[in-house]
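Participant: Take this structure, written in structure tokens, and hold onto it; I'll ask about it next.
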Amino acid sequence: MKVTAVIMAGGRGERFWPKSRGNYPKQFLSLTKDGETMIQKTVKRLLPMVAMDDVFVVTNVSYAALVKEQLPQLPEENILLEPCARNTAPCIGLAAAVIRKKYGEAMMLVLPSDHLIRYEEMYVDTLRQAVAVAEKDQNLVTIGITPTYPETGYGYINFERDTDLGMAGVYRVERFVEKPDLETAKQYLASHRYLWNSGMFVWKASSILANLESLMPDIYAGLERIEAAVGTAEFPSVLETEYHAFRSESIDFGVMEKAENIYTLPGSFGWDDVGNWLAVERINSTNEYGNYIEGDVITIGTERSTICGGKRLIAAVGVEDLIVVDTDDAVLICAKDSTQDVKKVIENLKICNRNQLV
Numbered sequence: 258m259k260v261t262a263v264i265m266a267g268g269r270g271e272r273f274w275p276k277s278r279g280n281y282p283k284q285f286l287s288l289t290k291d292g293e294t295m296i297q298k299t300v301k302r303l304l305p306m307v308a309m310d311d312v313f314v315v316t317n318v319s320y321a322a323l324v325k326e327q328l329p330q331l332p333e334e335n336i337l338l339e340p341c342a343r344n345t346a347p348c349i350g351l352a353a354a355v356i357r358k359k360y361g362e363a364m365m366l367v368l369p370s371d372h373l374i375r376y377e378e379m380y381v382d383t384l385r386q387a388v389a390v391a392e393k394d395q396n397l398v399t400i401g402i403t404p405t406y407p408e409t410g411y412g413y414i415n416f417e418r419d420t421d422l423g424m425a426g427v428y429r430v431e432r433f434v435e436k437p438d439l440e441t442a443k444q445y446l447a448s449h450r451y452l453w454n455s456g457m458f459v460w461k462a463s464s465i466l467a468n469l470e471s472l473m474p475d476i477y478a479g480l481e482r483i484e485a486a487v488g489t490a491e492f493p494s495v496l497e498t499e500y501h502a503f504r505s506e507s508i509d510f511g512v513m514e515k516a517e518n519i520y521t522l523p524g525s526f527g528w529d530d531v532g533n534w535l536a537v538e539r540i541n542s543t544n545e546y547g548n549y550i551e552g553d554v555i556t557i558g559t560e561r562s563t564i565c566g567g568k569r570l571i572a573a574v575g576v577e578d579l580i581v582v583d584t585d586d587a588v589l590i591c592a593k594d595s596t597q598d599v600k601k602v603i604e605n606l607k608i609c610n611r612n613q614l615v
């Protein structure tokens, strides 16, 4: 069966302000020393099992030029442009409808565009195993991440040993749970029955569309009309009309929390969701003082800090546990334990009508 990849690339990456902006979000940034952007890395590591002609990117209409620039080998018709943001269920449904129209049936690897993977061969092996599970019946597969600490910023997957499939390393999903408080996260970690929910999925186009039809029939009806218009001159106008009519819903809530035949594979391939500025020191090397330094920076008595300079010199003296990011028009200075609140800066900028900085 043909294997396709669907890269979800419509997010705004607000916790990476001021480098990530509304017109140039995180997935199009390079956050590692090799110069490759997040979306370029996402596509490149899939090429051992997916041809470039079978990669689809679903993104906001305003990011079309960025996708073309950063992925010049991607066929233009494989860039699916959302007229508006409607969360992951319509996003994935759109891709599934286009893929079913184009191929009749195909496997879909559904992946965020802004994650990093350290052990790429192990990652591809995990995806290949997930494909083998998804080929059976209408199984839906999610890749869970083996937790290493009690994280409160992720949803979790409660899993049980499967007795039906008979495939080693594959587990049945008991339930999905929302982001826990710290004590609950500690309990999840100690139980050895929970994985982090990575937002990576594998299934046949027919399987996810069948579940959308039964669990989200209003959205499925619109997807049918979109699918009928694929390849015709009416496609842009039909997509515009139907997409605006969709309600905003996540695939987790709309399908995964309600469907049957949900399986998970624990992933231990060096995954990082690069959710905020703390990730930079995880994915890059720090110096002997625990600092990650980029650009024109002088540090004196500075420890455990991430400092990303721009055109100006940054001198940091006697500070600890800070995030400092300099761009042409804004500077972020943030305590490391407050990185989740960076997006509140954007909220304040909007309130003050300073949208040129958002």
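Residue numbers are given in this note's numbering: position 32 of the sequence shown equals residue 289, and the series is strictly consecutive. Ideal Cβ positions, reconstructed from N, Cα and C, are used throughout, including at glycine.
1) Which term fits Val-574, buried or exposed, when burial requires 16 or more other beta carbons within 10 angstroms of its beta carbon?
2) Counting only runs of 4+ residues fully inside the region 470-528, write out the alpha helix (DSSP H) ranges in chain order.
3) Which residues does DSSP list as the beta-bridge partners of Trp-460?
4) Would you tell me roughly how many angstroms separate the C-alpha atoms of Leu-288 and Lys-568, rounded to the nearest one?
5) For the region 454-465 against the region 405-418, do three or more pairs of beta-carbon atoms, one drawn from each stretch, fall closer than 8 angstroms, so that the two count as touching?
6) By DSSP, does Met-265 sit in helix, in strand, or in coil?
7) Let's see if you can read the secondary structure: which residues bound the beta strand (DSSP E) around Val-314?
8) Please go through the same chain and pick out, in chain order, the residues whose beta-carbon is closer than 6 angstroms to the beta-carbon of Val-263, but skip the five residues on each side of it.
9) Could you tell me whether the Cβ atoms of Leu-469 and Pro-404 are closer together than 7 angstroms?
10) Measuring alpha carbon to alpha carbon, tell me which residue in Gly-423, Asp-419 and Glu-440 is nearest Glu-431.
11) Could you tell me the distance, in whole angstroms, from the CA atom of Arg-272 to the CA atom of Ala-485?
12) Which runs of the beta strand (DSSP E) at least 3 residues long sit entirely within the region 380-452? Give them in chain order.
13) The alpha helix (DSSP H) spanning Thr-559 covers which residue range?
14) From this set, Tyr-380, Val-388 and Lys-358, which residue's C-alpha is nearest Gly-488's C-alpha?
15) Whose C-alpha, out of Leu-439, Tyr-500, Thr-345 and Lys-283, is nearest the C-alpha of Glu-506?
16) Can you grab the Cα-Cα spacing for the pair Ser-448 / Arg-278, in whole Å?
17) What residue does the alpha helix (DSSP H) around Cys-348 start on, and which one ends it?
18) Terminal residues of the continuous alpha helix (DSSP H) containing Val-602?
19) Taking the alpha-carbon positions, what's the Thr-294 to Arg-302 distance?
20) Let me know the secondary structure DSSP gives Glu-577 once reduced to three states.
21) Can you give me the Cβ contacts of Gln-327 inside the same chain, cut-off strictly under 8 angstroms, excluding the 5 residues immediately before and after it?
22) Please name the residue, chosen from Asp-394, Tyr-520, Ala-354 and Asn-610, that lies closest to Gln-416 on a Cα-to-Cα basis.
23) How many angstroms separate the CA atom of Val-434 from the CA atom of Thr-441?
24) Mind checking Asn-612: buried by the 16 CB within 10 Å criterion, or exposed?
25) Cα separation between Val-554 and His-372?
26) Could you work out which residue in Ala-391, Ile-402, Cys-609 and Arg-269 is closest to Met-424 when comparing CA atoms only?
27) Strictly by DSSP, which residues pair up with Cys-591?
28) Per DSSP, which residues does Ala-572 bridge with? Please list them.
29) Does the region 374-385 come into contact with the region 515-529, if we say contact requires no fewer than three beta-carbon pairs (one atom in each stretch) closer than 8 angstroms?
Facilitator: In this structure, then:
1) exposed
2) 474-486 and 492-502
3) Met-365
4) 17 angstroms
5) yes
6) strand
7) 312-317
8) Phe-313, Ala-352, Met-365 and Val-367
9) no
10) Asp-419
11) 38 angstroms
12) 397-402, 413-418 and 428-434
13) Looking at the DSSP string, Thr-559 is not in any alpha helix (DSSP H), and its letter there is neither H nor E.
14) Lys-358
15) Thr-345
16) 40 angstroms
17) 345-360
18) 600-608
19) 12 angstroms
20) strand
21) Phe-285, Thr-294, Ile-296 and Gln-297
22) Note on residue identity: the sequence assigns Phe, not Gln, to residue 416. Checking every option, the nearest Cα to that of Phe-416 belongs to Tyr-520.
23) 11 angstroms
24) exposed
25) 27 angstroms
26) Ala-391
27) Ile-580
28) Ile-555
29) yes
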